[in-house]
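Below is one structure, written out as structure tokens, with a few remarks after it.
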Ligand SMILES: NC(=O)c1ccc[n+]([C@@H]2O[C@H](COP(=O)([O-])OP(=O)(O)OC[C@H]3O[C@@H](n4cnc5c(N)ncnc54)[C@H](OP(=O)(O)O)[C@@H]3O)[C@@H](O)[C@H]2O)c1
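In the numbering used here, the protein residues as written are 10 to 304.
The structure is reproduced here in structure tokens:
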């Protein structure tokens, strides 16, 4: 099968390509015309066909999609990318007769959450409405938060302060999946012609108190739990912070967007999980992630 990956020069996109090659797929990497050759180095050393295209040119995108079995988008951006560019790519895929499309969702399952509470999820929701109105089979992968984010300090888990923060309930779990696990699963899903509309996965599901416990075990130092307030307070703070920072509307990760992610993460949990749909995926454990950080 031939899989076209958009966002091929990106963090997740590169990993998806590696995982597709490992499963024996023919991979076409869609990149912008004039992409810095340094960014393409990893792709040129592997067995990937690089297709450069002017992303504003529907005809060039259609040519890129010809003969493709599934388009996987790992694009990242705001409205111009997640809605406009993905829609252009989707139209091109349909024009070229591509049967399946995996959009760049890779998020907490926003289909279970109200609109208006997470700007980046609202963009994906807008694209979801469009793709669901079109004659193509779509599959979204809902993986919760990237577990790799636990590698840096944030209120949820802060190695420098030796603390884990919680909202409402220290025992409420959230979904975490490593980028490599998402990539391995996405590659398997891209090659699976019978995927459902949504696939829900997690490398692990853990609460702030479980994060604190694991961090204490891995570091040998005691982590304390810190009450950050309620999710309702967090939502109100996010709304105020967003209203006070209009520049953030043009930024991918303004502070209030980070708060919105935290709010979303603890507002839903993937159940049941579709982790067992494919063989050959070794799910990463929390302690593996934290040990890698500690070393
Ligand atoms: N759940 C989570 O916790 C979490 C965390 C992080 C990311 N994600 C999601 O994972 C997905 C991939 O994110 P990532 O971090 O891998 O992104 P990334 O590393 O920033 O890569 C983004 C890709 O999109 C391409 N791109 C951006 N704007 C473009 C444009 N106007 N035209 C053509 N290509 C464009 C980039 O190409 P160039 O190299 O040419 O710029 C790059 O290949 C996104 O859906 C993101 O929201 C989820």
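For glycine and all other residues, C-beta sits at the position ideal for the given N, C-alpha and C.
Beta-ladder partner(s) of residue i, from DSSP
i, result
"residue 149", "207"
"residue 175", "236"
"residue 36", "12 and 57"
"residue 154", "185"
"residue 166", "163"
"residue 41", "62"
Cβ separation of residue i and residue j, assumed to be a contact under 8 Å, to the nearest whole Å
i, j, result
"residue 122", "residue 300", "No, residue 122 and residue 300 are not in contact; Cβ-Cβ is about 32 Å, not under 8 Å."
"residue 198", "residue 150", "7 Å"
"residue 98", "residue 16", "Not a contact, Cβ separation roughly 10 Å."
"residue 192", "residue 24", "4 Å"
"residue 103", "residue 133", "Their Cβ separation, rounded to whole angstroms, is 19 Å, which puts residue 103 and residue 133 out of contact at 8 Å."
"residue 227", "residue 180", "Their Cβ separation, rounded to whole angstroms, is 20 Å, which puts residue 227 and residue 180 out of contact at 8 Å."
"residue 128", "residue 269", "7 Å"
"residue 136", "residue 119", "Not really, about 11 Å apart at Cβ, beyond 8 Å."
"residue 189", "residue 239", "About 34 Å separates the two Cβ atoms, so there is no contact after all."
"residue 60", "residue 12", "Between residue 12 and residue 60 the Cβ distance is about 12 Å, and since that is not below 8 Å, they are no contact."
"residue 78", "residue 108", "7 Å"
"residue 265", "residue 251", "4 Å"
"residue 64", "residue 94", "6 Å"
Close-in-space but distant-in-sequence residues of the same chain around residue i (CB under 7 Å, 5 per side omitted)
i, result
"residue 153", "117, 183, 184, 185, 186, 211, 274 and 279"
"residue 263", "254 and 257"
"residue 223", "295, 296 and 299"
"residue 147", "110, 112, 140, 141 and 206"
"residue 51", "23"
"residue 305", "Because the chain in this structure spans residues 10 to 304, residue 305 falls outside the shown range and cannot be described."
"residue 201", "none"
"residue 163", "none"
"residue 124", "131 and 134"
"residue 292", "190, 212 and 284"
"residue 246", "268"
6 Å Cβ shell around residue i - same chain, five flanking residues per side excluded
i, result
"residue 105", "71, 74 and 75"
"residue 173", "166, 217, 220, 221, 232 and 234"
"residue 284", "210"
"residue 214", "182 and 184"
"residue 58", "37"
"residue 28", "192, 193 and 196"
Enclosing alpha helix (DSSP H) for residue i [first to last residue]
i, result
"residue 264", "264-274"
"residue 189", "188-199"
"residue 301", "295-303"
"residue 25", "20-31"
"residue 140", "128-140"
Segment limits, beta strand (DSSP E) that includes residue i
i, result
"residue 213", "213-215"
Spatial neighbours of residue i in its chain, beta-carbon cut-off 8 Å, leaving aside the 5 residues before and after
i, result
"residue 56", "30 and 36"
"residue 19", "83, 84 and 85"
"residue 67", "97, 100, 101 and 104"
"residue 26", "14, 17, 36, 38, 52, 55 and 57"
(request) Can you check the segment 43-119 for any alpha helix (DSSP H) of at least 4 residues that lies completely inside it and give the ranges in chain order? (result) 46-54, 67-74 and 95-104
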